[in-house]
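Residue numbers (this note's numbering), protein chains in the order written: chain A, 11 to 323; chain B, 39 to 319.
Note that CB positions come from ideal geometry on N, CA and C, so glycine has one too.
Note that the coordinates shown come from a computational prediction; the quantities given were computed from them, not determined experimentally.
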């Protein structure tokens with residue numbers, strides 16, 4: 011197990027190196043001049059040149075990339091071209107909001123998606139199954155920004171139950187719950203639908219296996235067969251889906267943050283793209299991808315906890 | 039007796055499934071409406087008329103202006119014609135690159151490792167992030183948004199096609215053709231591609247739903263199709279500030295997106311069951 015973790019961490023280092031290279035070079039070769047943006051609209055050609063030297067943009071590509079990597083290793087994500095503040099600080103202020111939204115959506119998706127998937131599998135080919143399958147199909151087909159807007163129209167404008175936007179407290183407080191409920195519903199529904207689909211098919215697979223037949227023939231209650239025996243094995247594909255979905259949630263959070271006016275790293279990224287704030291785009295993309303890689307590593311390791319037969323050595 | 043090819047057999051099976059046929063017909067009707075939009079609306083989607091701005095459609099017969107049965111938007115443009123023309127862009131996201139890379143990776147062992155590792159790196163961009171990065175790099179316009187969505191589709195496309203090509207490559211008839219002296223290019227284009235076609239069609243249909251959602255999302259974020267070109271996601275975005283007075287400006291384009299995406303999702307599911315059930319895993 012230890013060997014596997016070390017090997018995976020080694021792979022992650024290579025993956026992240028590749029990632030930094032892609033992100034750095036894609037913005038390096040992008041049309042537009044960071045020196046011009048940093049110097050401001052009214053800057054003279056000379057001032058732009060000075061800024062270019064100051065930012066190190068006159069250096070060759072690999073020297074710039076090397077400097078960038080060295081900065082990253084020291085926890086320096088660069089300085090924003092617009093505000094001149096360290097990007098790390100700007101991200102750290104916004105990260106809690108994004109994580110708050112993503113985690114709340116994940117919890118909601120698990121609470122709704124997994125049980126409904128299991129119910130659909132148990133009630134296979136009945137009207138309940140058909141209804142749930144149709145609902146899940148709608149779930150994966152509704153764009154989250156549209157759902158968010160509709161939720162605002164219904165629950166904030168017409169019924170006035172929830173606040174229309176903003177986020178100031180974590181989801182486990184009463185105020186935080188009210189703030190995060192609609193955004194996490196609009197973001198988590200698609201993921202819940204995917205859990206429902208995966209949960210249904212993996213549960214159906216498990217329910218057909220020999221050991222379930224044995225458990226039933228021993229006279230165990232159906233509830234015990236499903237909750238104790240079948241669920242654990244059916245969880246593995248769901249867990250994989252959770253890992254991938256977390257990335258989807260981080261990506262989707264960018265959109266949901268725009269809809270509900272949440273000051274998270276998603277809105278920060280969109281603003282950075284619109285302002286052509288290259289360094290901020292680079293660093294935000296890198297931070298989001300890094301979180302995604304780490305979550306997937308955790309998911310891989312969790313397999314062993316859920317199914318002790320999985321040994322990576 | 040006339041021999042049927044795989045696609046004809048698949049089509050025959052597809053027609054037997056009522057739901058899939060329904061979706062197929064709906065998509066066809068939608069395509070006809072969108073491609074021949076000028077026949078179905080007399081209004082230009084970008085012509086403004088502020089004297090009739092935000093006028094409701096058929097559901098409010100007292101205020102509905104004749105001719106504008108779905109109402110008009112914040113600049114007095116006809117919503118029906120914007121929905122029709124907006125579909126052109128929403129439906130045209132491309133899907134060719136993934137097939138190409140997937141085939142190369144599956145067929146050439148040496149390339150396999152390199153290509154699949156690059157795909158692994160691309161896979162580390164969650165959700166729409168890669169598309170955002172590409173738009174940030176290339177700039178905001180229709181072509182770049184389509185390129186971004188296409189490149190974003192490459193990793194999953196490549197992975198699935200590769201799996202199928204690896205299977206086909208091991209078939210005996212491929213060995214037989216190779217022993218007869220056929221070149222790699224010939225085998226790839228004439229035999230591997232032809233046999234991987236059902237898989238490609240299934241993945242393309244399923245990705246189509248995804249591409250429509252993605253391009254709408256990019257436009258919603260203001261990074262896809264710039265105004266005033268109509269696009270469903272962009273239309274919802276610009277209607278945001280009127281959600282109190284004119285919620286239909288958000289609801290109607292949303293229904294257009296959902297209807298199209300659901301049809302492609304159902305069709306993709308059914309095609310997969312018919313053409314390549316192995317993809318279910």
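What are the boundary residues of the alpha helix (DSSP H) that includes residue i?
{"i": "residue 225 of chain A", "result": "220-227"}
{"i": "residue 270 of chain B", "result": "270-276"}
{"i": "residue 171 of chain B", "result": "167-176"}
{"i": "residue 65 of chain A", "result": "55-65"}
{"i": "residue 189 of chain B", "result": "180-207"}
{"i": "residue 83 of chain A", "result": "71-83"}
{"i": "residue 180 of chain A", "result": "Careful: residue 180 of chain A lies outside any alpha helix (DSSP H) and carries neither H nor E."}
{"i": "residue 254 of chain B", "result": "231-258"}
{"i": "residue 36 of chain A", "result": "12-38"}
{"i": "residue 51 of chain A", "result": "Where residue 51 of chain A is concerned, there is no enclosing alpha helix (DSSP H), given that its DSSP letter is neither H nor E."}
{"i": "residue 272 of chain A", "result": "It is not in any alpha helix (DSSP H) - residue 272 of chain A carries neither H nor E in the DSSP assignment."}
{"i": "residue 240 of chain A", "result": "Neither: residue 240 of chain A is in no alpha helix (DSSP H) and is coded neither H nor E."}
Can you tell me whether residue i is helix, strand or coil according to DSSP?
{"i": "residue 96 of chain A", "result": "strand"}
{"i": "residue 85 of chain B", "result": "coil"}
{"i": "residue 174 of chain A", "result": "coil"}
{"i": "residue 213 of chain B", "result": "helix"}
{"i": "residue 116 of chain B", "result": "strand"}
{"i": "residue 266 of chain A", "result": "helix"}
{"i": "residue 306 of chain B", "result": "helix"}
{"i": "residue 110 of chain B", "result": "strand"}
{"i": "residue 133 of chain B", "result": "Residue placement at residue 133 of chain B cannot be trusted, given a pLDDT of 46 that sits under 50; what the coordinates show is reported in the next sentence. Of the three classes helix, strand and coil, the one that applies to residue 133 of chain B here is coil, per DSSP."}
{"i": "residue 162 of chain B", "result": "coil"}
{"i": "residue 108 of chain A", "result": "helix"}
{"i": "residue 267 of chain B", "result": "coil"}
{"i": "residue 136 of chain A", "result": "coil"}
{"i": "residue 294 of chain A", "result": "helix"}
Quick one: does residue i have its CB under 8 Å from some CB of chain A?
{"i": "residue 105 of chain B", "result": "no"}
{"i": "residue 183 of chain B", "result": "no"}
{"i": "residue 109 of chain B", "result": "no"}
{"i": "residue 175 of chain B", "result": "yes"}
{"i": "residue 220 of chain B", "result": "no"}
{"i": "residue 150 of chain B", "result": "no"}
{"i": "residue 258 of chain B", "result": "yes"}
{"i": "residue 158 of chain B", "result": "yes"}
{"i": "residue 114 of chain B", "result": "no"}
{"i": "residue 57 of chain B", "result": "no"}
{"i": "residue 281 of chain B", "result": "yes"}
{"i": "residue 193 of chain B", "result": "no"}
{"i": "residue 133 of chain B", "result": "Low confidence applies to residue 133 of chain B: its pLDDT is 46, below 50, so where it sits in the model is not reliable enough to give any reading."}
Is there a Cβ of chain B sitting closer than 8 Å to that of residue i, yes or no?
{"i": "residue 8 of chain A", "result": "Only positions 11 to 323 of chain A appear in this structure, which leaves residue 8 of chain A out of reach."}
{"i": "residue 309 of chain A", "result": "no"}
{"i": "residue 284 of chain A", "result": "yes"}
{"i": "residue 205 of chain A", "result": "no"}
{"i": "residue 227 of chain A", "result": "no"}
{"i": "residue 3 of chain A", "result": "Not covered by the structure: residue 3 of chain A. The range shown for chain A is 11 to 323."}
{"i": "residue 32 of chain A", "result": "yes"}
{"i": "residue 16 of chain A", "result": "no"}
{"i": "residue 173 of chain A", "result": "no"}
{"i": "residue 125 of chain A", "result": "no"}
{"i": "residue 106 of chain A", "result": "no"}
Are the C-beta atoms of residue i and some chain C residue less than 8 Å apart?
{"i": "residue 255 of chain B", "result": "Chain labels in this structure do not include chain C; the protein chains are A and B."}
Interface residues of the region 82-100 of chain A facing chain B [CB-CB below 8 Å]: Taking 8 Å as the Cβ-Cβ cut-off against chain B, none of the residues of the region 82-100 of chain A qualify.
message: Does the contact criterion of 3 or more C-beta pairs under 8 Å hold for the region 222-231 of chain A versus the region 163-174 of chain A?
response: no
- request: With 9 Å as the C-beta to C-beta threshold (strictly closer), list the residues of the region 200-213 of chain B near chain A in chain order.
  value: The residues in question: there are none.
- prompt: Between the region 105-121 of chain B and the region 85-94 of chain B, do at least 3 Cβ pairs fall closer than 8 Å?
  reply: Between the region 105-121 of chain B and the region 85-94 of chain B, the count of C-beta pairs closer than 8 Å reaches three or more; the two stretches touch.
- request: For the region 237-246 of chain B and the region 298-311 of chain B, state whether three or more C-beta atom pairs, one from each stretch, are separated by less than 8 Å.
  value: yes
query: How do the region 67-83 of chain A and the region 262-272 of chain A stand: do at least 3 beta-carbon pairs fall below 8 Å, yes or no?
result: no
field: Validate contact between the region 287-305 of chain B and the region 150-168 of chain A using beta carbons, cut 8 Å, 3 pairs
entry: yes
message: Three Cβ pairs or more, each shorter than 8 Å: is that satisfied between the region 15-34 of chain A and the region 290-303 of chain A?
response: yes
query: Relative to chain B, which residues along the region 48-65 of chain A have a C-beta separation below 7 Å, given in chain order?
result: none
query: Would you call the region 211-221 of chain A and the region 125-145 of chain A in contact, with 3 or more CB pairs under 8 Å?
result: yes
task: Take every Cβ of the region 90-103 of chain A, pair it with every Cβ of the region 268-287 of chain A, and state whether three or more of those distances are shorter than 8 Å.
output: yes
field: Contact between the region 213-224 of chain B and the region 268-284 of chain B (3+ Cβ pairs under 8 Å)
entry: no
- prompt: Do the region 193-208 of chain A and the region 106-124 of chain A make contact, defined as three or more Cβ pairs closer than 8 Å?
  reply: Here the region 193-208 of chain A lies against the region 106-124 of chain A, with 3 or more beta-carbon pairs under 8 Å apart.
task: Decide yes or no for the touch test of the region 164-171 of chain B against the region 245-260 of chain B: beta carbon pairs closer than 8 Å, at least 3 of them.
output: The region 164-171 of chain B and the region 245-260 of chain B touch, with no fewer than 3 CB-CB distances between them shorter than 8 Å.
query: For the region 261-275 of chain A, which residues have a beta carbon sitting closer than 9 Å to at least one beta carbon of chain B?
result: Residues 261, 262, 263, 264, 265, 268 and 269.
field: Cβ contact check for the region 274-282 of chain B and the region 47-65 of chain B: 3 or more pairs under 8 Å
entry: no
query: Mind listing which residues of the region 71-97 of chain B have their C-beta closer than 9 Å to chain A's C-betas, in chain order?
result: In summary, no residue of the region 71-97 of chain B has a CB separated from any CB of chain A by less than 9 Å.
Members of the region 36-47 of chain A near chain B, C-beta cut-off 7 Å: 36, 37, 40 and 41
Proximal residues, the region 292-306 of chain B versus chain A, C-beta separation under 8 Å: 292, 295, 296, 299, 300, 303 and 304
Contact set between the region 151-163 of chain A and chain B, restricted to residues whose Cβ is under 9 Å from the partner: For the region 151-163 of chain A, the set of residues with a beta-carbon nearer than 9 Å to any beta-carbon of chain B comprises 151, 152, 153, 154, 155, 156, 157, 159, 160, 162 and 163, in chain order.
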